[in-house]
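Colleague: After the structure tokens below, expect a handful of questions from me.
Protein chains in written order, with my numbering: chain A, -2 to 273; chain B, 104 to 271.
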């Protein structure tokens, strides 16, 4: 007994240290569940609400900028309205009025919290389950892509920013349609990385890169950015750096995009993979 | 005793407020992320028992983690810093040792002593924190640069806070 007490006296702190570190690492590893802890949710909701109040005040200063941005966007939307409708000309035999059937729904949202200085950045938006937001929906802003929804609460949702080491998206060169995989390496905020574009493809600085729509998350043709630098590196693939068109430092308005046909696409795709 | 607890609770709230409301909002490139909340652990009295130091470190890290949604990153780094603090204090101790009742600060042991003490702990804390955050060695040197730059800025903010606000 005495020796046990002596032992504890000598190494108790080390044991406590190890215990506390284990708890911390458990939290690190059990990330998805951690979000569900009620306390966290409550605190986040209060924080988001507080942040919204602060933002409300700050927003006044950028009103004129945002106004211009919205006007420009409206103009563009009116010109390209057809992009969000997908042609279904095969159904012409049906005597329905709609040649076009809606595939995407846009939900407007305000950014209430955002960061660019971490390795895994997340964005909080003021729309949640009550507005129809679900996980894996796309988030864009007038300038380009922003991220993907990863957590949905009642009134708020959290999106994984493109500036996150875990972010992956298929992207293509809009001039010739070659597609590759878009990531971020955790370094410069103004430089995304496009991999898997073969060496023989003719690429030049300034080329536009856009979404492919393959993953059923983003509609196709949403602007990602322009090529700022590329490198042949000797392998079979080019190493392409992209200047994102979105300025992640000053996001204020965003749109969450719901794909009405996503379940259908995923279902039919998983069917094929099952038989292989 | 009660007075001390009240004083440190005030310090805790003040530092976390500065950290969360001010420093976390400075989106100044990904390379500079000062974390001055660690000053709370640095300023605890010399005679704080090690177990209490660890518990307080854990609590500080938890509050940071919960409020900035970082899942254990700050907790593990702060507990690490709290664990090392007694050893660092031994390492930088002046010849005549520490006097009971003194607080670790510029006032009691001078600017040079304070800076050495702060640099060692902040660097260890930031080193642990940034490598845990990235969690791979792929970006080793860039993470190192982040550690060094952030340590510098944290140090700067700590000196400012220490000399401006915490006179009392």
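We put the CB at the ideal spot given by N, CA and C, even for glycine.
Got a sec: which bits of the region 10 to 27 of chain A sit with their beta carbon under 7 Å from any beta carbon on chain B, in order along the chain?
Modeller: Residues 10, 13, 14, 17, 18, 21, 22, 24 and 25.
Colleague: Which value, in whole angstroms, describes the spacing of the CA atoms of residue 70/A and residue 106/A?
Modeller: Within the first chain, the letter at position 73 stands for residue 70/A. Within the first chain, the letter at position 109 stands for residue 106/A. When rounded, the distance between both Cα atoms is 15 Å.
Colleague: If contact means a Cβ-Cβ distance below 9 Å, which residues of the region 160 to 184 of chain A contact chain B?
Modeller: Residues 160, 162, 182, 183 and 184.
Colleague: Among residues of its own chain, excluding the 5 on either side of residue 130/A, which ones have a beta-carbon nearer than 7 Å to its beta-carbon?
Modeller: Position 133 of the first chain, counted from the first residue, corresponds to residue 130/A. For residue 130/A, where only same-chain residues beyond five positions count, the Cβ hits under 7 Å are 104, 124, 146, 149, 154 and 253.
Colleague: Using only the alpha-carbon positions, how far apart do residue 161/A and residue 1/A sit?
Modeller: The residue labelled residue 161/A in the question sits at position 164 within the first chain. The residue labelled residue 1/A in the question sits at position 4 within the first chain. Those two C-alpha atoms are separated by around 48 Å.
Colleague: When the Cα atoms are used, what is the spatial distance from residue 83/A to residue 260/A?
Modeller: Taking the first residue of the first chain as 1, we reach residue 83/A at position 86. Taking the first residue of the first chain as 1, we reach residue 260/A at position 263. With a pLDDT of only 48 at residue 83/A, under 50, the local geometry of the prediction cannot be trusted, and the value read off the model is given with reservation. Near 16 Å, if we compare the C-alpha coordinates of residue 260/A and residue 83/A.
Colleague: Assuming contact is defined by CB atoms lying nearer than 8 Å, are residue 182/B and residue 157/B in contact in what I supplied?
Modeller: Taking the first residue of the second chain as 1, we reach residue 182/B at position 79. Taking the first residue of the second chain as 1, we reach residue 157/B at position 54. Their beta carbons are under 8 Å apart, which means residue 182/B touches residue 157/B by this criterion.
Colleague: Measuring only the C-alpha atoms, how far is residue 199/A from residue 49/A?
Modeller: Within the first chain, the letter at position 202 stands for residue 199/A. Within the first chain, the letter at position 52 stands for residue 49/A. Near 46 Å, if we compare the C-alpha coordinates of residue 49/A and residue 199/A.
Colleague: Checking contacts by CB at 8 Å: is residue 89/A closer than that to chain B?
Modeller: Here residue 89/A refers to the residue found at position 92 of the first chain. Note that residue 89/A scores 34 on pLDDT, short of 50, meaning its location in the model is unreliable and no value can be drawn from it.
Colleague: If we cut at 8 Å on Cβ distances, does residue 144/B have a partner in chain A?
Modeller: Here residue 144/B is taken as the residue at index 41 of the second chain, counted from 1. Chain A, which has no Cβ nearer than 8 Å to the Cβ of residue 144/B, makes this no.
Colleague: What do you get for residue 120/B, buried or exposed, if any count of 16 or more other CB atoms within 10 angstroms of its CB means buried?
Modeller: The sequence position of residue 120/B within the second chain is 17, counting from 1. By the neighbour-count rule (16 or more Cβ atoms within 10 Å), residue 120/B is not buried but exposed.
Colleague: With a cut-off of 8 Å, does the C-beta of residue 52/A fall near any C-beta of chain B?
Modeller: For the purposes of this step, residue 52/A is identified with residue 55 of the first chain, where counting begins at 1. Output row for residue 52/A: interface = no.
Colleague: At the 8 Å Cβ level, is residue 138/B part of the contact set with chain A, yes or no?
Modeller: As a position in the second chain, residue 138/B is number 35, starting the count at 1. No, residue 138/B does not count as interfacial toward chain A.
Colleague: Can you give me the start and stop residues for the alpha helix (DSSP H) that residue 274/A sits inside?
Modeller: Because chain A is modelled from -2 through 273, residue 274/A falls outside the range shown and cannot be assessed.
Colleague: Assuming residue 168/B is part of the alpha helix (DSSP H), what are its boundary residues?
Modeller: The residue you call residue 168/B lines up with position 65 of the second chain. Residue 168/B -> alpha helix (DSSP H) spans 153 to 171.
Colleague: What are the start and end residues of the alpha helix (DSSP H) that includes residue 193/A?
Modeller: Taking the first chain and counting its residues from 1, one reaches residue 193/A at position 196. Residue 193/A -> not in any alpha helix (DSSP H); beta strand (DSSP E) instead, spanning 189 to 195.
Colleague: I'd like to know if residue 65/A contacts chain B, where contact means its C-beta is closer than 8 Å to some C-beta of that chain.
Modeller: In the first chain, counting from the first residue as 1, residue 65/A sits at position 68. Chain B, which has no Cβ nearer than 8 Å to the Cβ of residue 65/A, makes this no.
Colleague: Which of the three DSSP states, helix, strand or coil, is assigned to residue 113/B?
Modeller: Position 10 of the second chain, counted from the start, is the residue given in the question as residue 113/B. Of the three classes helix, strand and coil, the one that applies to residue 113/B here is helix, per DSSP.
Colleague: Kindly say whether residue 179/B, judged by its beta-carbon, lies nearer than 8 Å to any beta-carbon of chain A.
Modeller: Here residue 179/B is taken as the residue at index 76 of the second chain, counted from 1. Cβ-Cβ to chain A under 8 Å: yes for residue 179/B.
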